[in-house]
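Reading through the structure tokens given below for one structure.
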Amino acid sequence: MPQSKKKADCGDHIDRITDLPCNVIDGILKHLNIRELVGTSILSRKWRYMWISVPQLRFDEEFFYMCELHHQGPEISRIMMKVLMHYSGPLYKFTLCLPSDFMQIDCLDKLIMFLSTSDIKVLELLNLGVETLSYQMPSYVFSCWELTKFELYGFEVSIPPNFCGLKRLLDLQLHLVTFESGALEKLISGCPSLEKLTISFCSGFECIDFSAPTLKVLRINSEGNNIKTISLKNAKNLIDFTLLDRWDENDETVRASCLIQSLPKIRRLVMKTYFYYKILSAQGAIQQSLLDSLSSLEYLKFAGTSLCEREGLLYIVSVLPSTPNLVELVIKSYEFADYVDEQESDQLKELECDGCCLGQLRTVRIEIGYRFKYALCLIRLILANCPLLETLTFKVGGGFKQLEPLVLFSISQDLLRMKRASQKALVEFTQIQ
Numbered sequence: 001m002p003q004s005k006k007k008a009d010c011g012d013h014i015d016r017i018t019d020l021p022c023n024v025i026d027g028i029l030k031h032l033n034i035r036e037l038v039g040t041s042i043l044s045r046k047w048r049y050m051w052i053s054v055p056q057l058r059f060d061e062e063f064f065y066m067c068e069l070h071h072q073g074p075e076i077s078r079i080m081m082k083v084l085m086h087y088s089g090p091l092y093k094f095t096l097c098l099p100s101d102f103m104q105i106d107c108l109d110k111l112i113m114f115l116s117t118s119d120i121k122v123l124e125l126l127n128l129g130v131e132t133l134s135y136q137m138p139s140y141v142f143s144c145w146e147l148t149k150f151e152l153y154g155f156e157v158s159i160p161p162n163f164c165g166l167k168r169l170l171d172l173q174l175h176l177v178t179f180e181s182g183a184l185e186k187l188i189s190g191c192p193s194l195e196k197l198t199i200s201f202c203s204g205f206e207c208i209d210f211s212a213p214t215l216k217v218l219r220i221n222s223e224g225n226n227i228k229t230i231s232l233k234n235a236k237n238l239i240d241f242t243l244l245d246r247w248d249e250n251d252e253t254v255r256a257s258c259l260i261q262s263l264p265k266i267r268r269l270v271m272k273t274y275f276y277y278k279i280l281s282a283q284g285a286i287q288q289s290l291l292d293s294l295s296s297l298e299y300l301k302f303a304g305t306s307l308c309e310r311e312g313l314l315y316i317v318s319v320l321p322s323t324p325n326l327v328e329l330v331i332k333s334y335e336f337a338d339y340v341d342e343q344e345s346d347q348l349k350e351l352e353c354d355g356c357c358l359g360q361l362r363t364v365r366i367e368i369g370y371r372f373k374y375a376l377c378l379i380r381l382i383l384a385n386c387p388l389l390e391t392l393t394f395k396v397g398g399g400f401k402q403l404e405p406l407v408l409f410s411i412s413q414d415l416l417r418m419k420r421a422s423q424k425a426l427v428e429f430t431q432i433q
């Protein structure tokens with residue numbers, strides 16, 4: 001091939017890249033890691049400075065591992081700051097993900113101070129080495145006035161006296177965060193537009209008590225932490241609520257009733273069954289308050305249910321009549337290897353006769369271990385009382401052992417013989433591998 005032909009082909013190839021629409025180029029650059037992003041500067045003269053206008057930047061584990069091969073800690077911090085200082089366009093999203101085995105960086109305050117001047121909207125600060133290395137969240141975060149989403153993982157948090165709030169923040173995600181006394185309430189109260197809040201495995205507080213007029217989604221996972229009360233005030237817009245907590249059997253019921261009395265008419269609810277055990281064993285107004293709050297539910301998930309014992313089944317059956325608008329039901333049952341079920345099969349007959357009409361229920365997913373007779377009893381109830389049911393998925397065998405083929409065949413035959421209110425209901429039965 002003539003040399004001029006080669007040059008023409010090469011130039012044509014470069015032009016095809018450079019002349020792509022701006023939105024296509026932006027889409028390509030957004031999916032590159034920081035090393036590849038900076039590397040685009042050598043493609044051509046036109047591409048030399050394109051990377052400095054990309055609106056999002058991510059220093060992730062891959063970046064730190066690559067840097068460690070050639071540089072020491074202080075030099076890595078200098079590289080990060082140099083990259084930021086080259087930025088000319090607006091930076092809307094910034095992610096810093098510190099690996100679990102990485103040395104401490106010394107430029108965190110400078111990084112966040114720079115971001116506070118760039119109208120940053122999405123900020124993700126992740127310290128994966130929280131068990132061995134602690135970081136104080138830089139106070140400059142509270143100067144990022146334009147933040148709409150903030151995710152914090154593995155940091156310590158205190159609120160400065162001059163904190164004026166994050167007025168535009170819509171989504172706040174807190175994981176493994178240690179709060180100074182009173183800091184959680186101050187932070188949340190300073191976010192008047194908050195719509196989504198996640199509090200997962202955080203510490204430094206015993207109570208969650210705040211007003212949430214704009215909140216739509218609330219997820220709390222406090223297993224292992226000592227949270228005594230959860231109280232929501234003015235949570236009229238809350239539609240999605242997840243509470244995963246290990247409630248102490250010796251605690252007073254009033255601990256949970258503070259939450260019950262403030263629950264709005266939610267549509268999606270995920271809770272550990274321990275919570276229901278506490279409330280449904282209460283009396284009068286407290287119990288009725290919970291049941292009334294379930295009337296608008298469209299999605300209900302029982303997490304941590306023990307369907308290998310009679311009590312777990314009774315509690316589920318007692319809740320279902322209070323959910324007339326339920327569309328999807330999910331049950332995950334956990335078992336213990338040393339549990340022995342001493343109930344006789346004839347004692348289940350009364351449950352089989354209990355009616356609970358779920359007129360809107362369309363999807364059911366049940367996952368259990370290898371003790372299945374109470375689950376079959378529940379399935380019989382559901383199939384007989386759900387005229388619009390479309391799919392019921394039943395998975396067995398999760399946990400300590402697998403069921404024998406003959407047992408699986410017997411279960412499948414029982415399912416086929418069950419009476420169905422919905423002629424189009426599809427029952428899917430599988431064993432968890």
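Note that the UniProt record's numbering gives residue 339 to position 339 of the sequence shown, counting from 1, and the numbers run on in steps of one.
Just so you know, even glycine gets a beta-carbon here, dropped at the ideal spot from N, CA and C.
- Using a Cβ distance threshold of 9 Å, L166 and C202 do not count as a contacting pair.
- When beta bridges are read from the DSSP output, A303 appears opposite K272 and K332.
- Cβ contact annotation for S139 (same chain, cutoff 7 Å, sequence separation greater than five): P160, in chain order.
- Using a Cβ distance threshold of 9 Å, Q433 and L403 do not count as a contacting pair.
- The beta carbons of D106 and P74 sit closer together than 9 Å.
- Straight through space, the alpha carbons of C67 and I76 are spaced by roughly 7 Å.
- Considered as a whole, the region 96-135 harbours 122-127 as its complete beta strand (DSSP E) runs of no fewer than 3 residues, in chain order.
- In this structure, the straight-line span from the alpha carbon of K93 to that of S116 is close to 12 Å.
- For K186, the closest C-alpha among the options Q173, T323 and S211 is that of S211.
- C207 has T229 as its beta-bridge partners, per DSSP.
- Around S100, the same chain offers L128 and G129 as residues with beta carbons nearer than 7 Å, after the five sequence neighbours per side are excluded.
- With respect to L329, L358 sits close: the two C-beta atoms are nearer than 9 Å.
- For Q413, the enclosing alpha helix (DSSP H) stretches over residues P405 to R417.
- A residue is called buried when at least 16 other Cβ atoms come within 10 angstroms of its Cβ; T132 does not meet this threshold and is exposed.
- Under the three-state reduction of DSSP output, F150 falls in the strand class.
- When secondary structure is reduced to three states using DSSP, N162 falls in the coil class, being assigned neither helix nor strand.
- If the five residues before and after V177 are omitted, its C-beta is found closer than 7 Å to the C-beta atoms of L152, F155, V157 and C202, all from its own chain and listed in chain order.
- In its chain, beyond the 5 residues on either side, K196 and D240 have a beta carbon closer than 6 Å to the beta carbon of V217.
- When the beta-carbon positions are compared, L238 and V270 stay at least 9 Å from each other.
- R267 is the residue among R365, R267 and F205 whose C-alpha sits nearest the C-alpha of Y299.
- Exclusion of the five residues before and after F429 leaves F394, I411, S412 and L415 as the residues of its chain whose Cβ lies within less than 7 Å of its Cβ.
- Cβ-Cβ distances below 6 Å link R365 to V330 and T393 in the same chain, with the five nearest sequence neighbours on each side left out; the list follows chain order.
- In this structure, the straight-line span from the alpha carbon of L320 to that of L378 is close to 11 Å.
- Taking L326 as the centre and dropping the five residues before and after it, the same chain places the C-beta of L297, E298, Y299, L300, L320, L358, Q360 and L361 closer than 8 Å to its C-beta, in chain order.
- Comparing C-alpha distances from P324 to each of S295, T214 and L408 shows the shortest one belongs to S295.
- Nearest in C-alpha terms to K265, of all of K228, Y370 and S322, is S322.
- Where S200 is concerned, the enclosing beta strand (DSSP E) starts and stops at K196 to S200.
- Distance check between L172 and each of E180, T198 and D292 places T198 closest, using alpha-carbon atoms only.
- Per DSSP, the beta-bridge partners of N221 are S200 and L244.
- Apart from sequence neighbours up to five positions away, the residues of its chain that approach C386 with a beta-carbon distance below 7 Å are L358, L361, A421 and S422, ordered along the chain.
- Taking a 10 Å sphere around the C-beta of G89, we find fewer than 16 other C-beta atoms and assign the residue as exposed.
- Residue G204 holds the alpha-carbon nearest to the alpha-carbon of K228 among G204, K236 and P213.
- Per DSSP, L320 lies in no alpha helix (DSSP H) segment and is marked neither H nor E.
- Here T393 is bridged, per DSSP, to R365 and E428.
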